[in-house]
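Take a look at the structure set out below.
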Amino acid sequence: VFLLFVIDFLKFSSGQAKALRHAAAKAILAATISIGRLTMFQSRRGRRGGIAPMPLLLILLLVTLLAASIGGWWWLSTSLPITAGEVKVLGLSQPVTITRDAQGIPSIHAETEADAYFALGFVHAQDRLWQMDLNRRIAQGRLAEIAGRAGLNNDRFFRVLGLQSRVDSTYEHLDEPTKQILAAYASGINAWIAGLDGLHLPPMEFLLAGVRPKPWHPADTLLWARVMALQLAGNWRDEMLNLKLVQRLGG
Numbered sequence: 168v169f170l171l172f173v174i175d176f177l178k179f180s181s182g183q184a185k186a187l188r189h190a191a192a193k194a195i196l197a198a199t200i201s202i203g204r205l206t207m208f209q210s211r212r213g214r215r216g217g218i219a220p221m222p223l224l225l226i227l228l229l230v231t232l233l234a235a236s237i238g239g240w241w242w243l244s245t246s247l248p249i250t251a252g253e254v255k256v257l258g259l260s261q262p263v264t265i266t267r268d269a270q271g272i273p274s275i276h277a278e279t280e281a282d283a284y285f286a287l288g289f290v291h292a293q294d295r296l297w298q299m300d301l302n303r304r305i306a307q308g309r310l311a312e313i314a315g316r317a318g319l320n321n322d323r324f325f326r327v328l329g330l331q332s333r334v335d336s337t338y339e340h341l342d343e344p345t346k347q348i349l350a351a352y353a354s355g356i357n358a359w360i361a362g363l364d365g366l367h368l369p370p371m372e373f374l375l376a377g378v379r380p381k382p383w384h385p386a387d388t389l390l391w392a393r394v395m396a397l398q399l400a401g402n403w404r405d406e407m408l409n410l411k412l413v414q415r416l417g418g
C-alpha cells in the first residue's frame, strides 16, 4: 500500500499534481480491501479455534493512521506550485505560458517585457514566497515579529542601517522603465498571494509562524541586494576602523 503511495507521490513531486490524489485514492482502496480480507481471514480462523479475530480497535487505529498520513500529505501539497492547467490572474496584457522541465525549472514565454516580469514574480512567489518574505523581514528589521526576542539583535542592527528608507529613496530616483519592471514583478508576486485561499495555502512556514504573506511593494525587491552587498563586504568593520584611524591620526 505505502509503496504504491510513495511511487505516485514521487511522480507528483516532479510536477504531476494529479498523482497525489490518485495515490491517496489507491492507498485508501488497497488498505480497505487488505483490512477487510485480513479481518475475514482472522475471523474464519478464529471460528475454527486457531487464531482470535483481530480486535476492531486495532483496525480502526490503522485506518485512522492511514487517513491522517494521506490527509497530511494532501495538506502539504496545497502549498506547492501549480505546474499544470490554467490560472487566471489580473495584470497581464496577453496570455503567458510557463513550462517546467523534469527538474521543475520554469521557462516563461510572454509577448511583452512587462508580462514576462509579471510571470517571473508569479513563479518566484510560487517557489520561494517564504524565503522572500523572511529576507524582507530581516532587511526591514522586523524579524522579531515572528521570532520574538531572538530576532531583536538583528532588528536593531538593520534598523540602524535604515535599509528600508534607503531603498525607498533609491526607488524614487530610478528611471521610469526600471520602475515599470519592478512594478510588474511585484504585481506578479501579489497575484500569487491574492490567489491563496482554502484550496491553495501559503507555505507551511507561514502557518508555523502565525502570519500571512503581505503584499509585495516594488521597492522591496531592492532590499535584499543591499543585504547581499553588506554580506559580500565582510571587512566593513575593518574599513570603518581604518577610516576612524585616518580621521584621527591623519593619512
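The sequence shown maps to residues 168 to 418 in the working numbering.
Beta carbons: idealized from backbone N, C-alpha and C, even for Gly.
Since we're looking at a predicted model, the values are computed, not measured.
Cα-Cα, which of the options is closest to residue i?
i	options	result
Ala292	Leu368, Arg404, Gln398	Leu368
Gly258	Ser336, Trp359, Leu247	Trp359
Tyr284	Gln331, Asp322, Ile249, Ser260	Ser260
Ser332	Arg393, Leu301, Pro344, Pro273	Arg393
Leu349	Ser274, Asp282, Leu229, Arg404	Asp282
Thr279	Ala396, Gln347, Leu399	Gln347
Asn321	Val334, Arg303, Asp335	Arg303
Ala361	Val256, Val230, Leu233, Ala251	Val256
Met299	Leu228, Phe373, Leu229, Leu408	Phe373
Phe324	Leu397, Glu343, Ala376	Leu397
Within the same chain, show all residues whose beta-carbon is closer than 7 angstroms to that of residue i, passing over the 5 residues directly before and after it, in chain order.
i	result
Leu363	Pro369
Leu319	Ala311
Asp294	Pro248
State yes or no: is the C-beta of residue i within less than 7 angstroms of the C-beta of residue j?
i	j	result
Ala286	Leu390	no
Ala386	Tyr338	yes
Ile313	Val378	yes
Between residue i and residue j, which are expected to be in contact by the criterion C-beta below 8 angstroms, what is the C-beta distance as a whole number of angstroms?
i	j	result
Leu328	Pro380	That pair is no contact at about 24 angstroms.
Gly355	Gly288	3 angstroms
Val263	Ile249	That pair is no contact at about 13 angstroms.
Gly308	Arg326	4 angstroms
Val290	Ile265	6 angstroms
Spatial neighbours of residue i within its chain, please: CB distance less than 6 angstroms, with the 5 preceding and 5 following residues excluded, ordered by chain position.
i	result
Asn357	Pro382, Trp383
Ser181	Any reading at Ser181 must be qualified, since the residue scores a pLDDT of 41, below 50, and its modelled position is unreliable; no value is offered.
Val334	Ala386, Leu389, Leu390
Looking only at its chain, what residues have a beta carbon closer than 8 angstroms to the beta carbon of residue i, apart from the 5 residues adjacent to it on each side?
i	result
Thr388	Leu349, Tyr352, Ala353
Gly216	Only weak support is given to the placement of Gly216: the predicted model assigns it a pLDDT of 49, under 50, and the question is left unresolved by the model.
Leu341	Leu349
Item checked: Uninterrupted alpha helix (DSSP H) stretches inside the segment 338-403 (no shorter than 4 residues) -> DSSP runs (the alpha helix (DSSP H)) wholly in the segment 338-403: 343-361, 371-376, 390-399.
Notebook entry, point to check: Which full runs of the beta strand (DSSP E) of 3+ residues lie inside the segment 258-317, going along the chain?
Noted result: 264-267, 273-276
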